[in-house]
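Participant: My structure is below; once you've seen it, I'll send some questions.
Numbering (this note's numbering), first residue to last: 591 to 1295.
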């Protein structure tokens, strides 16, 4: 099949002389990976809408999708390479790409000469874009040989460990299997805001008689559409699951056939459940004993039942063990390997670590990321910025892409200080983010509409092409073009320092990345995705064969792998911290429907829609603190303080205050200034580093004059 260079979906006339419509994808860190139709006239985007051919989204997109054009043409975009005279000074100088590559390349060559290796070099990257082409960044840094590798996943590493310890691999049902459930238990997730297309299947299940139960500290938009809502105290999810498990066993609402034939450690787990005090469970969770029995009976007598487990449950010190305990409910009731059952959990780490799909998702990039585990590399975790003064050789060079650690990681002030100690910080970005402001060099990255790419959803496994719809604005470049340019410069300065392939262009790279996927998508060329949807061929229902790649070959209540890594082999929750007299309020940070971490927060239109920034508090808390609607409150703890306008809400209890990810106060102080680093219990085994206990933050309020 022959393809044109741009192969637009259609050409039409209109108010413009001629417009073309291109196939694009929203590449943000979102489970939907919405396919888009982008209308372009005279080299400029004039309209973006959902693609009705997308079988998952059916052409429906969220407010962020409609605002993508504003992101492309934002006056805040960085369009030229910039060099800062002193980190944080704001004294920027526009430079050429040649100068940027030459100076950065010389930094790398100098480090290799001074230290005899590139261990003083590191890269900090995550899902700023989910396209395959961005994996060229990992490919480049792996081509340098041993470096300092920053490992871990700040979002889902604890849950990833939990599921792999239980099953031996991380697999999930396809999204549409949820409509086959008779009971849907949504635990610590808010798909009405964060996965709006999944709500269609939830509503379809409800229309067929399914019961939807939501367990969450906050009465979310999803809870408002549920049949039953249970308000739980943050961090007590493991206690609740243990209480439910004890009742299931006591009332013989368990699947003996599954437990006896397909699990390991069931007798030990049963013995442990006998020690669980239901009165204590009720006290720790805030859920009355009668309601515990009600929920246990409902789950134990309704089959198939599925659990949608959200990231919220793992953002505490016991996040990993809590996920293990909740998942064990599916094993107790035999809701594993059946349609309408199982546990729906994000599968991003599955793409890198387990099964054939781990090799398919990122055939080259994944292998390079996994190679970072080589013994020659120096490994740092999610708390990398706390160890810089102990490193020998010291960290001299840091490349940041697809990440905004100053705004996303705990203790923003300490991260800023850490960045100042590193000789060279390069940030590849589209705006002068909080992290970019602390860089020596900022390299402008093109928007997804300005280069060709392929995206595979980590939720529904759909593959989609992202066509180049417009030329790159200014002098911006794709991640691949940036890494290829730097590799070319290194080849001139010191041949052999990098083994990054210099032959071929971005399309060649994509073709190589995509080769192993062809058979599993039923296509021979990734550009065919412009004409029809495709999905990686994975079972709609996992574990039907009851084959578990654990040490025992069974679902493990008792995990040999956990024991080997000196982690409690039985899923037992870690003690939870409590508030103090000085800081009696728990600060929780969630995604709003119009922002995504620190992405989209810069779009003024979206911020006005949600009246951001703000701090949600219960009216009783407002009366106690003498605060009225709209008053400015100082939020403070031992880490720092910031000022936010308050808004009253009955959706949260009086001992919780809530704001949204990416929030800055009136003085541009970031919300993560208040958060000290505390790790989760799991995450290191398979992701390389524990997760971050974001929800373990306690504050106080005072009214500002």
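Using N, Cα and C, we set each Cβ at its ideal position, and we do this for glycine too.
Quantities reported herein were computed from a predicted structural model and do not represent experimental measurements.
With DSSP as the reference, please indicate the residues paired to residue 1175 in a beta bridge.
Facilitator: 1289
Participant: On the DSSP bridge list, what partners appear for residue 613?
Facilitator: 627
Participant: I need the boundaries of the beta strand (DSSP E) containing residue 1043, first residue and last residue.
Facilitator: 1043–1046
Participant: On the premise that residue 743 lies in contact with residue 993, defined as a C-beta separation below 8 Å, what is that separation, rounded to the nearest angstrom?
Facilitator: So it is not a contact: roughly 12 Å between Cβ atoms.
Participant: For residue 977, which three-state DSSP category applies?
Facilitator: coil
Participant: Just how far apart, CA to CA, sit residue 1004 and residue 986?
Facilitator: 17 Å
Participant: For a minimum of 4 consecutive residues, which ranges assigned as the alpha helix (DSSP H) are wholly contained in the stretch 1089–1162?
Facilitator: 1096–1104, 1108–1111, 1150–1154
Participant: Starting from residue 687 and walking both ways along the alpha helix (DSSP H), at which residues does that stretch end?
Facilitator: 687–705
Participant: Check the Cβ-Cβ distances between residue 620 and every residue of chain B, and say whether any is below 8 Å.
Facilitator: Judged by its chain identifiers, the structure shown contains no chain B, having just a single protein chain.
Participant: Measuring alpha carbon to alpha carbon, tell me which of 1279, 884, 910 ends up nearest residue 820.
Facilitator: When each option's Cα is compared against that of residue 820, the closest is 884.
Participant: Apart from the five residues just before and just after residue 644, which ones in its own chain have a Cβ nearer than 6 Å to its Cβ?
Facilitator: 625
Participant: Give the secondary structure of residue 935 by DSSP, where H, G and I count as helix, E and B as strand, and everything else as coil.
Facilitator: coil
Participant: Who are the near neighbours of residue 704 in its chain, counting only those whose CB is closer than 6 Å to its CB and skipping five residues on each side?
Facilitator: So no residue of the chain qualifies.
Participant: If we count Cβ pairs, one from each stretch, closer than 8 Å, do we get three or more for the stretch 615–631 versus the stretch 653–660?
Facilitator: yes
Participant: Is residue 767 buried or exposed, if buried means 16 or more other CB atoms sit within 10 Å of its CB?
Facilitator: Residue 767 should be labelled buried.
Participant: Hey, out of 966, 1027, 976, whose CA is closest to residue 990's CA?
Facilitator: 1027
Participant: Just to confirm the assignment: which complete alpha helix (DSSP H) runs, minimum length 4, are found wholly within the stretch 870–917?
Facilitator: 879–891
Participant: In chain order, which continuous runs of the alpha helix (DSSP H) of length 4 or greater are located wholly inside the stretch 980–1058?
Facilitator: Taking only runs of at least 4 residues, the alpha helix (DSSP H) segments lying wholly in the stretch 980–1058 are 995–998, 1002–1011.
Participant: Taking the straight line between their C-alpha atoms, what separation do you get for residue 1142 and residue 754?
Facilitator: Rounded to whole angstroms, residue 1142 to residue 754 spans 13 Å at the Cα level.
Participant: Based on the DSSP output, what are the partners of residue 776 in its beta bridges?
Facilitator: 804, 898
Participant: Can you list, in chain order, the residues of its chain whose CB lies under 7 Å from that of residue 1059, leaving out five sequence neighbours each side?
Facilitator: 612, 614, 628, 630, 635, 1039
Participant: Going by Cα to Cα distance, which pick from 834, 906, 935, 1129 is closest to residue 877?
Facilitator: 834
Participant: Going straight from the alpha carbon of residue 1293 to that of residue 1230, what length do you get?
Facilitator: Take the alpha-carbon of residue 1293 and the one of residue 1230: they are about 16 Å apart.
Participant: Going along the chain, which unbroken runs of the alpha helix (DSSP H) with 4 or more residues stay wholly within the stretch 1210–1289?
Facilitator: 1274–1277
Participant: In the structure shown, what three-state DSSP assignment does residue 793 receive?
Facilitator: DSSP places residue 793 in helix when its eight states are reduced to three.
Participant: In this structure, does DSSP put residue 734 in helix, strand or coil?
Facilitator: coil
Participant: Going by beta carbon distance, what residues of the same chain come within less than 7 Å of residue 1036, once the five residues before and after it are set aside?
Facilitator: 1062, 1066, 1067, 1068
Participant: Mind checking whether the beta-carbon of residue 901 lies closer than 7 Å to any heavy atom of the ligand ZN?
Facilitator: Ligands displayed in this structure: none; no statement on the ligand ZN is therefore possible.
Participant: Is it true that the CB of residue 718 sits closer than 8 Å to the CB of residue 1080?
Facilitator: no
Participant: By alpha-carbon positions, which one of 916, 1158, 1275, 1225 ends up nearest to residue 1289?
Facilitator: 1225
Participant: Within 10 angstroms of its Cβ, does residue 663 collect 16 or more other Cβ (buried), or is it exposed?
Facilitator: exposed
Participant: Which value, in whole angstroms, describes the spacing of the CA atoms of residue 1049 and residue 1125?
Facilitator: 11 Å
Participant: Which one of 936, 1280, 924 has the shortest CA to CA distance from residue 1136?
Facilitator: 924
Participant: What is the DSSP secondary structure of residue 721, counted as helix, strand or coil?
Facilitator: strand
Participant: Assign residue 714 to one of three DSSP states: helix, strand, or coil.
Facilitator: In the three-state reduction of the DSSP assignment, residue 714 falls in the strand class.
Participant: Locate the beta strand (DSSP E) running through residue 764, then write down its first and last residues.
Facilitator: Premise fails: residue 764 is in no beta strand (DSSP E) and is neither H nor E.
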